[in-house]
Amino acid sequence: MNHKEDYHVHCNYNDHSAPDLTVKNVVRQAETVGLQTLAFTEHVRKTSDWISSYLKDVESVDSSLRIIAGFEAKILRDGSIDCPDKYVSEHFVVASFHTVYNDKDIWLQALKQAIQNPDVNVIGHIAPEPSFTLDDDEVQSLASLITANEKVVELNAKYHRPPAEWIKVFKKNGVRFHLGSDAHSLQEVGNFEKISDLIAIVDELAPQSPVTNRT
Ligand SMILES: [Zn+2]
Ligand SMILES: [Zn+2]
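According to the numbering used here, the residues represented by the sequence shown are 24 to 238, in order.
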């Protein structure tokens, strides 16, 4: 996993980020902290009216970094994602839960739909809701669905997710990971200190080697 890639950064097109979080400032900050890849994943809704100026802003910024213009889209109750159709297929999409459904079946069904959605690239800050847990078999079957659909699971610094136990199961089942700061302020861009423990699991969990009897 490349620690110099941040695949989840916000800017000031959403309604709750710091005003100095302009596209240019974020890029300068990413350069300062030595990132190689920076993905803008602004919060989007089907009704967002700023998308074309946001994309122009991101796509015209001058930098030696690899810059990706993308979106973070909510996973809705029916498993669809809250992003206008015309943008999803050509842009990087992180799909995340931003609503608590208080219902494990609805949550699982919606998540499975999102994982199977060809327009989704990444499952963002995934974790069970407070009212339920998943057993190992359920996490394992999610892992299989994620790998079969070639999705990436994000290690999210803002929410310290996914749970460590899930990461271990995902890792054993061949799931790919990348890092997302989920920055809503400049200091958070490329900053993964809060998830060093989760990163260690991904980087250091060696494959189980068979026991050998050497005498
Ligand atoms: Zn989010
Ligand atoms: Zn986010």
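For each residue, glycine too, the CB sits at the ideal point set by N, CA and C.
Within the same chain, 65, 73, 77 come within 7 Å of residue 36 by CB-CB distance, once the 5 residues on both sides are set aside. Here residue 33 is near residue 207, since their CB atoms are less than 8 Å apart. Those residues placing their Cβ nearer than 5 Å to any heavy atom of ligand 2 are, following chain order, 95, 205.
At the C-beta level, residue 192 and residue 166 come within 8 Å of one another. Distances between the C-beta of residue 119 and the heavy atoms of ligand 1 include at least one below 7 Å.
Not one heavy atom of ligand 1 falls within 7 Å of the beta-carbon of residue 207. Taking the Cα of residue 48 as reference, the smallest distance to any Cα among 115, 85, 152, 174 is reached at 85. The beta carbons of residue 198 and residue 170 sit closer together than 8 Å. For residue 61, the three-state secondary structure derived from DSSP is strand.
Taking every protein chain shown into account, the CB of residue 114 has 16 or more other CB atoms within 10 angstroms, so this residue is buried. A contact is defined here as three or more CB-CB pairs under 8 Å, and the region 132-147 meets this definition with respect to the region 102-109.
Between residue 25 and residue 128, the alpha-carbon positions lie close to 34 Å from each other.
Per DSSP, the continuous beta strand (DSSP E) segment holding residue 96 begins and ends at 89-97. Residue environment analysis places residue 125 among the exposed positions, since fewer than 16 neighbouring C-beta atoms fall within 10 angstroms of its C-beta. With contacts defined by Cβ atoms closer than 8 Å, residue 213 and residue 53 form a contacting pair. DSSP places residue 110 within a helical segment (H, G or I) once states are collapsed to three. In the DSSP assignment, residue 199 is bridged to 175.
Just so you know, the alpha carbons of residue 46 and residue 29 end up roughly 14 Å apart. In the displayed model, residue 143 falls within coil according to three-state DSSP, outside both helix and strand.
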